[in-house]
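Each remark here refers to the structure printed beneath this line.
2 protein chains.
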Amino acid sequence: MVLDVRTPVELTSDFRSRGLKVTPQRQLLFRLLYGNMTHPTAEALFAQASELMPGISLRTVYQTLNDLAALGELQVLHPSSGSTRFDPNVDDHHHARCRTCGELHDVYVDRVQDLAMRGPVGFVAERANIVFDGVCADCQVG
Amino acid sequence: MVLDVRTPVELTSDFRSRGLKVTPQRQLLFRLLYGNMTHPTAEALFAQASELMPGISLRTVYQTLNDLAALGELQVLHPSSGSTRFDPNVDDHHHARCRTCGELHDVYVDRVQDLAMRGPVGFVAERANIVFDGVCADCQVG
DNA sequence: TGTTAATTCGCACATAATGCAGATCAGCAT
DNA sequence: ATGCTGATCTGCATTATGTGCGAATTAACA
Ligand SMILES: [Mn+2]
Ligand SMILES: [Mn+2]
Ligand SMILES: [Zn+2]
Ligand SMILES: [Zn+2]
Chain A
385 MVLDVRTPVE LTSDFRSRGL KVTPQRQLLF RLLYGNMTHP TAEALFAQAS
435 ELMPGISLRT VYQTLNDLAA LGELQVLHPS SGSTRFDPNV DDHHHARCRT
485 CGELHDVYVD RVQDLAMRGP VGFVAERANI VFDGVCADCQ VG
Chain B
385 MVLDVRTPVE LTSDFRSRGL KVTPQRQLLF RLLYGNMTHP TAEALFAQAS
435 ELMPGISLRT VYQTLNDLAA LGELQVLHPS SGSTRFDPNV DDHHHARCRT
485 CGELHDVYVD RVQDLAMRGP VGFVAERANI VFDGVCADCQ VG
């Protein structure tokens with residue numbers, strides 16, 4: 385299983401090929417997202433970006449994240465508490481959320497489509513998103 | 385399968401037994417929630433309530449919903465878009481969200497715990513919440 | 001009926017995210 | 001290399017959703 389993520393170089397040509405410009409701000413965010421497994425918030429990325437590029441605007445961070453999401457290069461996660469999180473891993477995967485530390489971890493689930501669901505008549509499900517709530521290893525009380 | 389919901393009368397004694405008072409505002413909300421399958425927002429309940437009790441405060445609606453959630457008599461749902469929704473059905477159930485009309489429908493899923501998950505080492509999952517994204521019957525193009 | 005702590009309500013405040021517009025700049029044509 | 005032009009950036013205002021607070025009110029009980 386190879387993670388379904390784009391390198392900054394790939395994102396650069398992706399943006400250019402659609403008439404979007406590639407600015408230093410965007411290149412920085414491409415780099416901060418690449419390989420990022422933390423499911424960061426916009427604020428967290430803004431804080432990181434600000435250290436490397438003082439003066440970058442939070443507005444620009446949001447703008448770029450929205451652009452990436454529109455291109456399908458970023459999953460947008462709405463956890464049950466806290467602000468929106470962004471996931472550069474656009475694999476078909478799910479998440480485990482620790483109710484102690486709040487962190488999100490990737491989870492791969494097999495045969496999700498085999499789930500026997502009794503639901504609304506005529507509803508055509510295109511995808512299932514699963515969030516496992518529990519306690520992560522670090523937060524287990526000894 | 386009987387829905388795991390409390391009647392207004394049951395909620396009344398539930399509140400009183402914990403030292404919470406039962407006001408006309410709360411009784412109205414108990415009634416508006418009973419059997420309500422729409423997964424309403426606070427604003428939607430406020431609008432309904434306002435017709436029957438002009439002058440009721442949105443603040444009071446939030447207060448009562450939070451109290452019910454604290455008692456475990458209401459599930460709080462954070463859909464991927466839009467504001468918080470409240471679910472008087474506290475069964476172990478899941479949801480199907482129509483990407484056209486945005487409505488949430490109840491879904492019952494068997495053997496969720498049989499899902500083979502490859503996830504973070506040591507994570508102890510207590511519950512899985514599944515959201516099926518798709519298109520509901522009403523929104524299918526003929 | 002009186003007491004008292006819980007509740008209601010209106011308003012201020014908080015937080016997350018978007019709308020807007022002038023200054024700036026990336027990408028392209030020349 | 002230079003200039004053009006629409007996309008972008010930034011700061012600020014604004015929206016959307018919800019919470020904090022406190023004076024006035026009221027449910028529950030003695
Ligand atoms: Mn992920
Ligand atoms: Mn439900
Ligand atoms: Zn944890
Ligand atoms: Zn629909």
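Line by line, the protein sequences give chains A and B.
Heads up: the first sequence begins at 385 in the numbering used here, then just goes up one per residue.
Heads up: the second sequence begins at 385 in the numbering used here, then just goes up one per residue.
Just so it is clear, CB atoms sit at the ideal spot from N, CA and C, and this is done for glycine as well.
Put simply, the CB of A:Tyr446 is far from chain B, with every gap to its CB atoms at 8 Å or more. At a Cβ-Cβ threshold of 8 Å, A:Asn513 and A:Asp388 do not count as neighbours. When the beta-carbon positions are compared, A:Thr425 and A:Ser465 stay at least 8 Å from each other.
The alpha-carbon of B:Leu449 is positioned some 15 Å away from that of B:Thr391. A:His479 places its beta carbon 8 Å or farther from that of B:His462. Per the DSSP secondary-structure output, B:Phe516 pairs in a beta bridge with A:Ala512, B:Ala480. Taking a C-beta distance under 8 Å as the contact criterion, A:Val496 and B:Met501 do not qualify as a contact pair. Burial state of B:Ala454 is exposed, judged by a 10 Å Cβ sphere holding fewer than 16 other Cβ atoms. Within chain B, not a single residue places a beta-carbon under 9 Å from that of A:Arg443; the smallest gap is close to 21 Å. Going by C-alpha positions, B:Gln432 is about 19 Å away from B:Asp451. Counting only residues of its own chain and dropping the five nearest sequence neighbours on each side, B:Pro408 has a CB closer than 8 Å to the CB of Met437.
Residues of chain A with a Cβ closer than 7 Å to the Cβ of B:Asp494 are, in chain order, Ala500.
What B:Pro504 touches in chain A, judged by beta-carbon distance under 8 Å, is Ala480, His489, Asp490, Val491, Cys520, Ala521, going in chain order. Nearest Cα to A:Pro504 within the set B:Gly506, B:Glu510, B:Asp517, B:Val508: B:Asp517. B:Arg483 and B:Gln459 have their alpha carbons spaced roughly 21 Å apart.
Any Cβ of chain A closer than 8 Å to the Cβ of B:Gln497 would place that residue at the interface, and such an atom is absent. Relative to ligand 3, the beta carbon of A:Thr422 is positioned no closer than 7 Å to any heavy atom. Between ligand 3 and the CB of B:Val508, the shortest heavy atom gap is not smaller than 7 Å.
Note that the C-beta distance between B:Val406 and B:Thr396 is below 8 Å.
Around ligand 4, the residues whose beta-carbon falls short of 7 Å from at least one of its heavy atoms are B:Cys482, B:Thr484, B:Cys485, B:Glu487, B:Val519, B:Cys520, B:Asp522, B:Cys523, given in chain order. Within chain A, the residues Gly506, Val508 have their CB atoms less than 8 Å from the CB of B:Gln524, given in chain order. Taking 8 Å as the cut-off, the beta carbon of A:Leu404 is found no closer than this to the beta carbon of A:Leu429.
Rounded to whole angstroms, B:Asp490 and B:Phe507 show a C-alpha spacing of 27 Å.
A Cβ of chain A is located within less than 8 Å of the beta carbon of B:Asp517. The straight-line gap separating the alpha-carbon atoms of B:Leu417 and B:Arg511 is approximately 25 Å.
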